[in-house]
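Numbering (full-length UniProt numbering), first residue to last: 1 to 477. These notes concern the structure reproduced below.
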Ligand code: ADP
Ligand code: MG
């Protein structure tokens with residue numbers, strides 16, 4: 001609420017009066033320069049008077065823009081008083097939050113402003129620290145166990161409960177033995193007891209058997225003492241390395257897979273060569289049958305030839321994907337790529353009772369510049385993920401369209417699978433992030449890299465009804 005008063009006081013008089021105020025105060029002229037400050041203000045920002053007076057006030061006080069306007073439009077006299085949140089800026093550059101009251105004054109010739117700073121907060125508030133500690137303990141992905149000097153459990157966080165498979169309220173304020181009873185005897189089991197005698201443990205790698213699961217851990221245990229050095233208690237930090245171990249194994253397995261892939265690529269060649277001769281001879285037989293008038297048998301050969309073509313194209317694709325190649329960027333029509341790929345995708349979909357719906361919003365699209373084989377790899381990966389997400393049945397929709405507003409060509413790969421849970425959404429492009437037992441977690445990061453390299457991007461939207469991956473690529477006008 002604006003207060004309708006203004007100070008009718010000469011500046012000289014005012015400054016003398018401010019000297020003794022217990023509150024930090026600054027006087028600013030209508031151009032925003034500091035006219036005067038009082039000792040309390042200087043004390044709050046750890047500066048000398050000469051450093052401040054005559055300088056633009058914004059060097060020492062940070063307030064919202066609208067409040068700065070208030071100072072610069074001093075002639076707009078309908079408001080005389082403002083209260084806002086701001087900060088004072090100390091000599092070392094730290095910002096200390098404060099409430100600022102701004103009052104307009106008039107010394108007979110020009111306007112000035114009085115800035116009163118209330119409650120300058122110079123340290124982290126204890127409440128903030130307390131909340132931070134609480135959140136840290138409950139949210140962090142590290143198991144934390146705190147005991148007092150008698151070994152009574154004073155705190156155990158969620159991650160530790162999960163690791164031990166226990167409930168917090170059953171164990172809190174109970175002796176530590178009750179918790180450790182869940183661990184089969186192991187070497188570093190006594191780290192916390194040791195910490196109570198002053199022995200610190202740091203980053204010790206160990207394997208515990210908790211219940212019937214084996215966990216790989218990094219364990220820390222620290223002693224807590226009061227100022228006089230008396231032991232108050234101890235805490236233990238447990239870092240679960242089990243998934244990292246699994247990852248290591250997975251990488252080893254992927255290496256093996258890569259080797260298998262190379263062998264398979266070699267084999268694919270060996271399949272294609274005999275196929276070519278079978279195809280040639282079949283064509284000969286087909287004409288022979290035709291001449292002899294065996295219409296039915298001729299029909300069979302046609303079916304055989306069609307199937308051979310299909311095998312041929314599958315093998316070719318397989319070869320393209322497994323071979324490392326030189327990247328060839330050239331203008332291309334995205335629908336051509338899809339026409340070549342669709343047989344593979346459809347084949348895979350049929351195996352899982354899925355329908356494939358291919359929609360192009362126009363017959364000709366502007367060209368894009370890309371490496372066609374790498375693009376195929378992107379689309380195949382997206383389709384593969386979609387098919388894996390749906391499992392059995394469902395509809396895979398591929399839509400090619402223009403996003404004119406963004407000047408991009410868009411390809412949607414949409415499934416009717418279970419969707420991606422929100423916790424996973426920001427991780428799916430991380431290398432090695434996978435929710436599949438036999439996944440590699442490399443599909444999406446590779447896709448993203450390929451698309452970024454041609455100046456495009458990949459967007460995802462996911463709900464319970466399924467997921468849409470959209471590839472956006474710049475096109476040639
Ligand atoms: P991988 O397929 O080997 O797991 P990706 O990088 O291809 O690796 O995918 C990473 C993760 O993203 C998958 O494990 C899965 O959890 C999630 N994901 C990807 N595509 C889909 C989709 N269409 N529907 C649901 N989840 C998906
Ligand atoms: Mg994948």
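C-beta atoms are modelled at their ideal positions from N, C-alpha and C, and glycine is treated no differently.
Quiz item: Cβ of residue 416 within 7 angstroms of any heavy atom in ligand 1?
Solution: Relative to ligand 1, even the nearest heavy atom lies 7 angstroms or more away from the CB of residue 416.
Quiz item: Smallest Cα separation from residue 58: which of 50, 26, 48, 162?
Solution: The shortest C-alpha separation from residue 58 is found at 26.
Quiz item: At which residues does the alpha helix (DSSP H) containing residue 169 begin and terminate?
Solution: Counting along the chain, the alpha helix (DSSP H) containing residue 169 begins and ends at 168 to 171.
Quiz item: Buried or exposed: residue 414, going by 16 or more other Cβ atoms within 10 Å of its Cβ?
Solution: Buried.
Quiz item: Where residue 282 and residue 291 are concerned, what is the direct C-alpha to C-alpha distance, given to the nearest angstrom?
Solution: For residue 282 and residue 291, the distance between alpha carbons rounds to 14 angstroms.
Quiz item: So is the beta-carbon of residue 65 under 7 angstroms away from any non-hydrogen atom of ligand 2?
Solution: Answer for residue 65: no, Cβ out of range of ligand 2.
Self-check item: For residue 437, the first and last residue of its enclosing beta strand (DSSP E)
Solution: Going by DSSP, residue 437 is part of no beta strand (DSSP E) at all; its letter is neither H nor E.
Quiz item: Is residue 328 helix, strand or coil when you go by DSSP?
Solution: Coil.
Self-check item: Contiguous alpha helix (DSSP H) assignments of at least 4 residues, all confined to the segment 108 to 158
Solution: Segments of the alpha helix (DSSP H) lying fully in the segment 108 to 158: 126 to 139.
Quiz item: What is the rounded straight-line gap between the Cα of residue 431 and the Cα of residue 444?
Solution: Between the alpha carbons of residue 431 and residue 444 lies a distance of about 8 angstroms.
Exercise. Could you name the residues that DSSP lists as bridge partners for residue 359?
Key: Residue 359 is bridged to 399.
Self-check item: Identity of the residue in 101, 380, 156, 238 nearest residue 446 by Cα
Solution: When only C-alpha atoms are compared, the closest one is 380.
Self-check item: Residues bridged to residue 197 (per DSSP)
Solution: Bridge partners of residue 197: none, in fact.
Quiz item: Under a criterion of Cβ closer than 5 angstroms to any non-hydrogen atom of ligand 2, which residues qualify, in chain order?
Solution: The set, ordered by position in the chain, is 385, 443.
Quiz item: Does at least one heavy atom of ligand 1 sit under 7 angstroms from the Cβ of residue 434?
Solution: Yes; taking the cut-off as 7 angstroms, the Cβ of residue 434 has a heavy atom of ligand 1 nearer than that.
Self-check item: One or two residues paired with residue 470 in a DSSP bridge
Solution: Residue 470 is bridged to 412, 459.
Self-check item: Reduced DSSP secondary structure (H/G/I, E/B, other) of residue 15
Solution: Assigned with DSSP and collapsed to three states, residue 15 falls in helix.
Quiz item: If you follow the beta strand (DSSP E) that residue 87 is part of, which residue opens it and which one closes it?
Solution: 81 to 89 is the span of the beta strand (DSSP E), which, as asked, contains residue 87.
Practice problem: Output the boundary residues of the beta strand (DSSP E) element that contains residue 343. | Solution: Not the beta strand (DSSP E): residue 343 falls in the alpha helix (DSSP H), residues 334 to 351.
Practice problem: For residue 102, name the three-state secondary structure that DSSP assigns. | Solution: Assigned with DSSP and collapsed to three states, residue 102 falls in strand.
Exercise. Please determine, among 207, 162, 344, 463, the residue with the shortest C-alpha to C-alpha distance to residue 423.
Key: Here the closest residue by C-alpha is 463.
Practice problem: Specify whether the segment 124 to 137 and the segment 177 to 194 touch according to this definition: at least 3 beta carbon pairs, one from each stretch, less than 8 angstroms apart. | Solution: Contact fails: fewer than three Cβ-Cβ distances are below 8 angstroms.
Practice problem: In the DSSP assignment, find the unbroken alpha helix (DSSP H) run with residue 364 in it and report its ends. | Solution: Counting along the chain, residue 364 falls outside any alpha helix (DSSP H), and DSSP gives it neither H nor E.
Quiz item: Quick one: what does DSSP say residue 306 is sitting in, helix, strand or coil?
Solution: Here residue 306 sits in helix by DSSP.
Quiz item: Using a threshold of 7 angstroms, is the CB atom of residue 470 nearer than that to any non-hydrogen atom of ligand 1?
Solution: For residue 470, the CB stays at least 7 angstroms from every heavy atom of ligand 1.
Practice problem: Compute the Euclidean distance between the alpha carbons of residue 416 and residue 395, then round it to the nearest angstrom. | Solution: In a straight line, the C-alpha of residue 416 is about 6 angstroms away from that of residue 395.
Quiz prompt | Burial state of residue 179 (16 or more Cβ within 10 Å) | solution = Buried.
Quiz item: Quick check: the segment 306 to 315 against the segment 350 to 357, are there 3 or more CB pairs under 8 angstroms?
Solution: Contact fails between the segment 306 to 315 and the segment 350 to 357, because fewer than three Cβ pairs, one in each stretch, are under 8 angstroms apart.
Quiz item: My guess is that residue 81 and residue 29 are in contact by the Cβ rule of under 8 angstroms, so how many angstroms apart are they, rounded?
Solution: About 18 angstroms separates the two Cβ atoms, so there is no contact after all.
Quiz item: Looking at residue 140 and residue 173, is the spacing between their C-beta atoms short of 8 angstroms?
Solution: Contact: no.
Quiz item: In three-state DSSP terms, what is residue 266?
Solution: In the displayed model, residue 266 falls within a helix according to three-state DSSP.
Practice problem: May I ask whether a heavy atom of ligand 4 can be found less than 7 angstroms away from the beta carbon of residue 419? | Solution: Judged by which ligands are present, ligand 4 is missing from the structure shown, whose ligands are ligand 1 and ligand 2.
Quiz item: In terms of residues, what are the limits of the beta strand (DSSP E) holding residue 52?
Solution: Taken as a continuous stretch (DSSP letters only), residue 52 belongs to no beta strand (DSSP E), being part of the alpha helix (DSSP H) at 49 to 52.
Quiz item: Terminal residues of the continuous beta strand (DSSP E) containing residue 216?
Solution: Going by DSSP, residue 216 is part of the beta strand (DSSP E) stretching over 213 to 225.
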